[in-house]
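Below is one structure, written out as structure tokens; the observations come after it.
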Amino acid sequence: MLTRRSDAPFIRDFTPSKQVELFETLKQLRFNGQLILTNSCGRKWILHVHRGLIIYATGGEHPVRRWRRNLATHLPQIASDRLLSNESWENQLATTSIEGSSVCWQYQLLTSWLERQQITPEQMARIAWSVIIEVLFDVTQAVQVAYELKPSSSKLTPVVAIDAAQAIAEVERLWQAWQANRLNYSPNSAPVIKQSAELQHGISAPAYQALSQLLDGQHTLRDIATQMQRDVNSALRSLLPYIQSGFVELINIPDLAAPVLSSPTPHETQAPLIACVDDSSWVCHIMEKVMTTANYRFVGVNDALRAIGVLLAIKPDLIFLDLMMPNINGYELCSRLRQLSCFQHTPIVILTGNDGIIDRVRAKIVGSSDFLGKPIDPDRVLGAIHKHLKHSA
Numbered sequence: 084m085l086t087r088r089s090d091a092p093f094i095r096d097f098t099p100s101k102q103v104e105l106f107e108t109l110k111q112l113r114f115n116g117q118l119i120l121t122n123s124c125g126r127k128w129i130l131h132v133h134r135g136l137i138i139y140a141t142g143g144e145h146p147v148r149r150w151r152r153n154l155a156t157h158l159p160q161i162a163s164d165r166l167l168s169n170e171s172w173e174n175q176l177a178t179t180s181i182e183g184s185s186v187c188w189q190y191q192l193l194t195s196w197l198e199r200q201q202i203t204p205e206q207m208a209r210i211a212w213s214v215i216i217e218v219l220f221d222v223t224q225a226v227q228v229a230y231e232l233k234p235s236s237s238k239l240t241p242v243v244a245i246d247a248a249q250a251i252a253e254v255e256r257l258w259q260a261w262q263a264n265r266l267n268y269s270p271n272s273a274p275v276i277k278q279s280a281e282l283q284h285g286i287s288a289p290a291y292q293a294l295s296q297l298l299d300g301q302h303t304l305r306d307i308a309t310q311m312q313r314d315v316n317s318a319l320r321s322l323l324p325y326i327q328s329g330f331v332e333l334i335n336i337p338d339l340a341a342p343v344l345s346s347p348t349p350h351e352t353q354a355p356l357i358a359c360v361d362d363s364s365w366v367c368h369i370m371e372k373v374m375t376t377a378n379y380r381f382v383g384v385n386d387a388l389r390a391i392g393v394l395l396a397i398k399p400d401l402i403f404l405d406l407m408m409p410n411i412n413g414y415e416l417c418s419r420l421r422q423l424s425c426f427q428h429t430p431i432v433i434l435t436g437n438d439g440i441i442d443r444v445r446a447k448i449v450g451s452s453d454f455l456g457k458p459i460d461p462d463r464v465l466g467a468i469h470k471h472l473k474h475s476a
């Protein structure tokens, strides 16, 4: 059974404006990794992000159907070739060594084809855009979503990097058109003829033959729209009279089989994730340099009011907190974090220029693990990380 992580932060009414706000935060954080969105039924979508820009998306109800459909539309030379078979994909993936291997297998295949000059960067950009639009359209239908961030230390330089605000604007246009036509159906449902005798009497023989071949219950509305070379909104409108009369019904169908990926060799232990909450962009920049030089993963947060939501989403292994910040100070933020079960044992180190005994005592009272003075001393910072991660291991 699909379940939603109860400890993941969630957003009610995940409107386009809230989507833009979330991605603007990721851009400010220069976030690299996965944004995982989960609806109330446990359906997951994964958006692969580079510095807050979207490079690819997958998940949802029919990721393989979506992949094959967009191949047929945007890469016809691939779709008509033996490269379309699962067996071929499996063989290619087994011999593919790509820096972005943490990204989904579809992206790995696209990158592999690009390196072999079987597709162009423009074709890769078109298919990525189309896939991202479909995923965000389905996400928009969710009443509320939980979100989780999985940072990546990959040095991947993406071929495609799409600004979320542009994609969300296009999705909003499509969503408004869908709602304007009162199309209270999912584009992922499949039409099938329910009353064949009645339908035969109501239309010509050639029309019935064409419909019976098209509406076989094995293809979704999106699949059929691709076959008809129309947008899904238009394709559904053409079928509405038959649906509303009861001749045709919409059913849920499973996804197509995905390639069976060979078991990867055991990965090295992922580097610890260090977070720093400081209103100074310069401090976060210095901390990022220190962390990446020492091969730690890093996320900097400049807005203290958003800090708890970001930290809940990324679950860092250690947190540095600036003591003096606008709106909320490090003491109060530390106290709030300690009230959350997931941060009760996470090392929290207070950063401050006021290195007095009173400040140290107060920091201990609210639950901080350590206290470091400013300016930032890389050796002391790394020493604190080593000390506290060793103790928490």
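Residue 84 is where the sequence shown starts when you use my numbering, and the numbers rise one by one after that.
Ideal placement from N, C-alpha and C gives every residue a C-beta, glycine not left out.
Worksheet item: Pairing CB atoms from the region 314-332 with CB atoms from the region 276-294, are three or more of them under 8 Å?
Response: yes
Worksheet item: Hey, quick one: how far does the beta strand (DSSP E) through N153 stretch, first residue to last?
Response: In the sequence shown, the residue the question calls residue 153 occupies position 70. No beta strand (DSSP E) contains N153, which is instead part of the alpha helix (DSSP H) from 146-157.
Worksheet entry | Any C-beta of chain C under 8 Å from that of P409 | Checking the listed chains, one finds no chain C in this structure; it contains a single protein chain.
Worksheet item: Where does the unbroken beta strand (DSSP E) through R380 begin, and where does it stop?
Response: Against the sequence shown, residue 380 aligns to sequence position 297. Element bounds for R380: 380-384.
Practice prompt. State the Cα-Cα distance for the pair P92 and Q278, rounded to the nearest angstrom.
Written response: For the purposes of this step, residue 92 is taken as the residue at position 9 of the sequence shown. For the purposes of this step, residue 278 is taken as the residue at position 195 of the sequence shown. One C-alpha to the other measures close to 46 Å.
Discussion item. What would DSSP say about T108, mapped onto helix, strand or coil?
Written reply: Locating residue 108 in the sequence shown gives position 25, where the first residue counts as 1. Three-state result, T108: helix.
Discussion item. Quick check on the DSSP output: the beta strand (DSSP E) that includes I307 runs from which residue to which?
Written reply: Taking the first residue of the sequence shown as 1, we reach residue 307 at position 224. From DSSP, I307 is part of no beta strand (DSSP E) but of the alpha helix (DSSP H) over 304-311.
Fill in: Assigned exposure category for E217 - 16 Cβ within 10 Å defines buried
The residue labelled residue 217 in the question sits at position 134 within the sequence shown. Result: buried.
Item to complete: Jot down the residue ranges of each uninterrupted alpha helix (DSSP H) in the region 274-307, minimum 4 residues, whole runs only, in chain order.
Response: Runs of the alpha helix (DSSP H) inside the region 274-307: 279-285, 288-297.
Worksheet item: Under a three-way DSSP split, which group does C359 fall into?
Response: As a working note, residue 359 is residue 276 in the sequence shown. If DSSP states are grouped into helix, strand and coil, C359 belongs with the strands.
Item to complete: Return yes when the Cβ of A225 is within less than 8 Å of the Cβ of I137, no when it is not.
Response: On the sequence shown, position 54 is the one that residue 137 refers to. On the sequence shown, position 142 is the one that residue 225 refers to. 8 Å or more divides the Cβ of I137 from the Cβ of A225.
Worksheet item: Which runs of the alpha helix (DSSP H), 4 residues or longer, sit entirely within the region 431-462?
Response: 440-448
Fill in: Under the three-state DSSP convention, the category V226 falls into
As a position in the sequence shown, residue 226 is number 143, starting the count at 1. Three-state DSSP puts V226 in coil, outside helix and strand.
Worksheet item: Apart from the five residues just before and just after D362, which ones in its own chain have a Cβ nearer than 8 Å to its Cβ?
Response: One-based indexing of the sequence shown puts residue 362 at position 279. Once the five neighbours on either side are set aside, the close Cβ partners of D362 are N385, D386, A387, D405, M408, P409.
Worksheet item: Of all the options Y379, D221, H133, Q296, which has the alpha carbon lying nearest to the alpha carbon of L257?
Response: As a working note, residue 257 is residue 174 in the sequence shown. Of the listed residues, the one whose Cα sits closest to L257 is D221.
Discussion item. Within the continuous beta strand (DSSP E) that includes A377, where are the two ends?
Written reply: In the sequence shown, the residue the question calls residue 377 occupies position 294. No beta strand (DSSP E) contains A377, which DSSP labels as neither H nor E.
Worksheet item: Using a Cβ-Cβ cut-off of 7 Å (strictly less than) and excluding sequence neighbours within five positions of V306, which residues of its own chain qualify?
Response: Here residue 306 refers to the residue found at position 223 when the sequence shown is read from its first residue. Correcting the residue identity first, residue 306 is Asp in this sequence and not Val. In its chain, beyond the 5 residues on either side, R148, R152 have a beta carbon closer than 7 Å to the beta carbon of D306.
Worksheet item: Since H133 sits in a beta bridge, which residues does DSSP pair it with?
Response: Here residue 133 corresponds to residue number 50 of the sequence shown, with the count starting at 1. Paired residue(s): L136.
Discussion item. DSSP three-state label for V331, please.
Written reply: Position 248 of the sequence shown, counted from the first residue, corresponds to residue 331. Of the three classes helix, strand and coil, the one that applies to V331 here is strand, per DSSP.
Worksheet entry | Cut-off 8 Å between Cβ atoms - residues of its own chain near V432, not counting five sequence neighbours on either side | On the sequence shown, residue 432 is found 349 positions in, with the first residue counted as 1. These residues qualify, in order along the chain: L401, I402, F403, L404, S451, S452, D453, F454, L455, A467, H471.
Discussion item. Helix, strand or coil, according to DSSP, for I402 in the structure here?
Written reply: Taking the first residue of the sequence shown as position 1, residue 402 is located at position 319. Secondary structure of I402 (DSSP, three-state): strand.
Worksheet entry | Proximity of I215 and H157 at Cβ, strictly below 8 Å | In the sequence shown, counting from the first residue as 1, residue 215 sits at position 132. In the sequence shown, counting from the first residue as 1, residue 157 sits at position 74. Contact: no.
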